[in-house]
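Numbering (the working numbering), first residue to last: 18 to 325.
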């Protein structure tokens, strides 16, 4: 059986899917933070990717099987996979080392990076208004990161690097959407994450690396946590994809910032993390600049429609 083409535009349905996806993916991040305290990052990454493939199997079969997942842009898919893996490993490594809310706040710089990267990689034209918004957003990032001060956390730079990789992967996804299906892009990435993380674990073990630094055999209850981690992440990924099909990006993008509520809640509930005053000072600038960039995208879209 093949899935029917989803041509229906349903903004409300898209918003519901987006909110559910954010809830699931934020929960996954909190689970990663907890598991990373006991298991190597590559092991958590491998299990997330392996079990995350389970919810996708039905979609692959419904779409017509594995033969329908061929890509027309293998080089661009490779770049997207590399950027996504670096981003995934970076965030998974950093989750247990930083407060969730602070990490999330810095990662909200992704739209700023995407705006800047869109110029050389997509040939987009960015006017002074959007460049000004990018500048304001980076001021917000600097307020949170506080470079040069005693409160500066060096790992904040690693969060920015992981966010930059994420933004690059999203630029690639935008290009790939012109030729490849969403399911193709998601599945290629999932298989690559399983293969790369698994291969690194095996190769390092073969080279004499102590197994305990690469893989710690989980208890029965932790196997269930690993399974839940993957399934929750996989379902979140599917819901995000469905949301983008049902509603325009301009409608969905503001809801990304709901994740800070989950980060604050999970951080306080499980780790008693209390946000710093600097986070409250920089976060509005980052969110405000992202929303303004979104507003300018809407204006430009209306202008293109009016001029066509």
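Virtual Cβ for every residue (Gly too), placed ideally from N, Cα, C.
{"Item": "Within 8 Å, strictly: CB atoms of residue 91 and residue 50", "Value": "no"}
{"Item": "Pick from 314, 262, 288 and 213 that is closest to residue 200, judged by C-alpha positions", "Value": "262"}
{"Item": "Integer-rounded CB distance, given that residue 188 should sit under 8 Å from residue 251", "Value": "So it is not a contact: roughly 23 Å between Cβ atoms."}
{"Item": "Cutoff 7 Å; reference residue 106; Cβ partners in own chain excluding five residues on either side", "Value": "58 and 62"}
{"Item": "Spatial distance of residue 147 from residue 290 (CA atoms)", "Value": "34 Å"}
{"Item": "Residue burial classification, residue 154 (beta-carbon count within 10 angstroms, cutoff 16)", "Value": "buried"}
{"Item": "Residue 100 to residue 323 span [Cα, whole Å]", "Value": "36 Å"}
{"Item": "Inter-residue Cα distance where the pair is residue 258 and residue 225", "Value": "41 Å"}
{"Item": "Residue 117 to residue 127 span [Cα, whole Å]", "Value": "16 Å"}
{"Item": "Three-state secondary structure assigned by DSSP to residue 70", "Value": "coil"}
{"Item": "Residue 207 (DSSP reduced to helix, strand or coil)", "Value": "helix"}
{"Item": "Nearest residue (CA-CA) to residue 207, options 185, 255 and 138", "Value": "255"}
{"Item": "Endpoints, the alpha helix (DSSP H) within which residue 90 is located", "Value": "Premise fails: residue 90 is in no alpha helix (DSSP H) and is neither H nor E."}
{"Item": "Option nearest residue 97 by Cα separation, candidates 159, 202, 160 and 214", "Value": "202"}
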